[in-house]
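Novice: Count the sequence shown with our numbering and you get residues 239 to 509, in order. Think of the CB as a built atom: it goes at the ideal place given N, C-alpha and C, for glycine as much as any other residue. Just so you know, these numbers come straight off a predicted model, no measurement behind them.
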Amino acid sequence: MELDLKKWDDETDIVFNPEDIFTECLIDAQEELPKPPIAISIGYKYEEHVPLVTYGNFYAVVGASKSMKSFLKTALLACYIGGKAQNYFIDIRGHKTEGKYVIDIDTEQGKYHVQKAVKRVHTMIGGDYKGYKGFALRPKSAKERVAFIEWILTESEYAGKIGLLSIDGIADLVEDVNDLKESNDITQKLMTWSNDYNIAIITVIHKNFGSEKATGHLGSSVLKKAECVCFVDKEDKVVTVTAKYSRNIPFDDFTFTVNEHGIPHNTGIDF
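(1) Could you check where the alpha helix (DSSP H) with residue 349 kicks off and where it finishes?
(2) Could you name the residues of the same chain whose beta carbon sits closer than 6 Å to that of residue 312, not counting the 5 residues immediately before and after it, in chain order?
(3) Report the rounded CA-to-CA distance for residue 332 versus residue 463, giving the unit in angstroms.
(4) So, at 8 Å on beta carbons, what are the nonlocal neighbours of residue 451 in its own chain, with the 5 sequence-adjacent residues on each side left out?
(5) Could you pull the start and end residues of the beta strand (DSSP E) that residue 286 belongs to?
(6) With 16 other CB atoms within 10 Å as the buried threshold, where does residue 272 fall?
(7) Is the distance from the Cβ of residue 380 to the Cβ of residue 412 below 8 Å?
(8) Would you report the Cα separation of residue 283 and residue 399, rounded to the nearest angstrom?
(9) Just to confirm my understanding: we take residue 476, look at its own chain, exclude 5 residues before and 5 after, and list those with CB closer than 7 Å. What are they?
(10) What would DSSP say about residue 470, mapped onto helix, strand or coil?
(11) Secondary structure at residue 500, three-state DSSP: helix, strand or coil?
(12) Determine the DSSP secondary structure at residue 265, reduced to helix, strand or coil.
(13) According to DSSP, is residue 369 helix, strand or coil?
(14) If you reduce the DSSP assignment to three classes, tell me which class residue 279 lands in.
(15) If you follow the alpha helix (DSSP H) that residue 398 is in, where does it begin and where does it stop?
(16) State the start and end residues of the unbroken alpha helix (DSSP H) segment that holds residue 505.
(17) Going by the DSSP bridge assignment, what does residue 444 pair with across the sheet?
(18) Less than 8 Å separating the beta-carbons of residue 371 and residue 341?
(19) Can you find the residues in the same chain that come closer than 7 Å, C-beta to C-beta, to residue 279, ignoring five residues on each side of it along the sequence?
(20) Starting from residue 457, follow the alpha helix (DSSP H) in both directions and report where the run begins and ends.
(21) So, residue 297 versus residue 420, is the Cβ gap smaller than 8 Å?
(22) Would you give the residue range spanned by the alpha helix (DSSP H) that residue 308 belongs to?
(23) What first and last residue would you give for the beta strand (DSSP E) that runs through residue 482?
(24) My assumption, with CB atoms under 8 Å, is that residue 345 sits in contact with residue 383. Please give the rounded CB distance.
(25) Could you check which residue in 260, 275, 299 has the C-alpha nearest to that of residue 467?
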């Protein structure tokens with residue numbers, strides 16, 4: 239009797255062949271594999287750029303409510319695009335960005351505040367960059383948000399040309415951050431999206447009040463799977479960014495503040 243290697247997953251309705259998985263996923267210790275290409279770097283150590291996030295991976299920003307997480311996110315987007323952004327954050331820069339779109343998904347704020355964030359990116363880079371697209375998904379359901387992200391990655395005019403995707407915040411892609419299955423499923427999507435479309439993903443998540451733990455099962459799952467996790471802590475007007483976990487060389491802590499025009503920049507730099 240011939241063995242049928244095709245398997246059926248009742249939960250996902252996916253047919254898969256274990257032999258194909260074996261061939262695709264087996265690691266050859268002798269094969270020379272290149273390092274994942276850097277999407278955003280921060281600083282320089284040991285004669286190489288320090289990766290914040292690489293293409294094919296995702297990065298997480300964690301912090302309390304109103305700790306300036308979103309300001310850090312917009313700074314990272316601006317520095318990825320380039321232009322004049324390095325005048326504000328001297329060590330942060332994008333790599334292999336030519337011809338790539340930047341998609342910025344905001345799930346928490348209304349259109350007015352999302353527009354302010356989009357304008358902030360344009361101000362930092364010194365012009366209106368047509369490759370940067372911001373979306374305010376606050377009115378939509380969790381399922382609609384996920385479906386929209388999948389559509390923009392696979393069927394939109396930007397599909398196949400996206401370099402950086404930002405999701406602020408990831409908790410709004412699930413109904414319950416303490417639901418183990420939902421949390422694992424959305425974290426798996428981050429891994430699948432980044433891998434399959436060779437993009438870098440920045441995601442933002444709250445931490446529990448009075449704790450260093452990100453919110454719920456979702457927070458735990460995201461922190462375990464992210465390539466790099468940084469925590470932001472705000473004291474008075476100064477925000478400290480710390481690399482808590484990284485699969486690469488960890489970057490040095492840095493601080494930033496926000497000027498009277500609402501633009502974030504390294505402390506010690508005046509605008």
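Specialist: Well, looking at it:
(1) Numbered from 1 along the sequence shown, position 111 holds the residue referred to as residue 349. Residue 349 -> alpha helix (DSSP H) spans 349-363.
(2) Translated into the one-based positions of the sequence shown, residue 312 becomes position 74. So the qualifying residues of the chain are 355, 358, 359.
(3) To locate residue 332, count along the sequence shown from 1; it is residue 94. To locate residue 463, count along the sequence shown from 1; it is residue 225. For residue 332 and residue 463, the distance between alpha carbons rounds to 22 Å.
(4) Here the question's residue 451 lines up with position 213 in the sequence shown. Answer for residue 451: 445, 457, 458, listed in chain order.
(5) What you label residue 286 is simply residue 48 of the sequence shown in a count that begins at 1. Per DSSP, residue 286 belongs to the beta strand (DSSP E) from 286-292.
(6) In the sequence shown, residue 272 corresponds to position 34, counting from 1. Exposed.
(7) Numbered from 1 along the sequence shown, position 142 holds the residue referred to as residue 380. Numbered from 1 along the sequence shown, position 174 holds the residue referred to as residue 412. Taking 8 Å as the Cβ cut-off, residue 380 and residue 412 qualify as a contacting pair.
(8) What you label residue 283 is simply residue 45 of the sequence shown in a count that begins at 1. What you label residue 399 is simply residue 161 of the sequence shown in a count that begins at 1. If you take the alpha carbons of residue 283 and residue 399, they lie about 30 Å apart.
(9) As a working note, residue 476 is residue 238 in the sequence shown. Within the same chain, residue 476 has close Cβ partners 493, 495, 505.
(10) In the sequence shown, counting from the first residue as 1, residue 470 sits at position 232. It is a strand residue.
(11) Sequence index remark: in the sequence shown, residue 500 carries index 262 (1-based). Reduced to three states, the DSSP call for residue 500 is coil.
(12) Counting from one through the sequence shown, the residue named residue 265 turns up at place 27. Note: residue 265 maps to coil in three-state DSSP.
(13) Translated into positions along the sequence shown, residue 369 becomes position 131. Looking at residue 369 - three-state DSSP - the assignment turns out to be coil, as it is neither helix nor strand.
(14) Walking along the sequence shown from the start, residue 279 turns up at place 41. In the structure shown, residue 279 sits in a strand (DSSP, three-state: E or B).
(15) Along the sequence shown, read from residue 1 onward, the residue named residue 398 stands at position 160. It is not in any alpha helix (DSSP H) - residue 398 carries neither H nor E in the DSSP assignment.
(16) Residue 505 sits at position 267 when you count from the first residue of the sequence shown. That residue, residue 505, is in no alpha helix (DSSP H); it is neither H nor E in DSSP.
(17) Here residue 444 refers to the residue found at position 206 of the sequence shown. Paired residues: 301.
(18) Counting from 1 along the sequence shown, the entry for residue 371 is found at position 133. Counting from 1 along the sequence shown, the entry for residue 341 is found at position 103. Going by C-beta atoms, residue 371 is nearer than 8 Å to residue 341.
(19) In the sequence shown, counting from the first residue as 1, residue 279 sits at position 41. Excluding positions up to five away in sequence, the list reads 287, 288, 289, 290, 331, 333.
(20) As a first step, residue 457 is located in the sequence shown; it is residue number 219 there, counting from the start. 454-463 is the span of the alpha helix (DSSP H), which, as asked, contains residue 457.
(21) Residue 297 sits at position 59 when you count from the first residue of the sequence shown. Residue 420 sits at position 182 when you count from the first residue of the sequence shown. Contact: no.
(22) What you label residue 308 is simply residue 70 of the sequence shown in a count that begins at 1. It spans 307-319 - the alpha helix (DSSP H) in which residue 308 sits, taken as one unbroken run.
(23) If you number the sequence shown from 1, residue 482 lands on position 244. That run of the beta strand (DSSP E) goes 476-484.
(24) Position 107 of the sequence shown, counting from 1, holds the residue named residue 345. Position 145 of the sequence shown, counting from 1, holds the residue named residue 383. About 6 Å; that satisfies the 8 Å criterion.
(25) As a first step, residue 467 is located in the sequence shown; it is residue number 229 there, counting from the start. Among 260, 275, 299, the Cα nearest to that of residue 467 belongs to 299.
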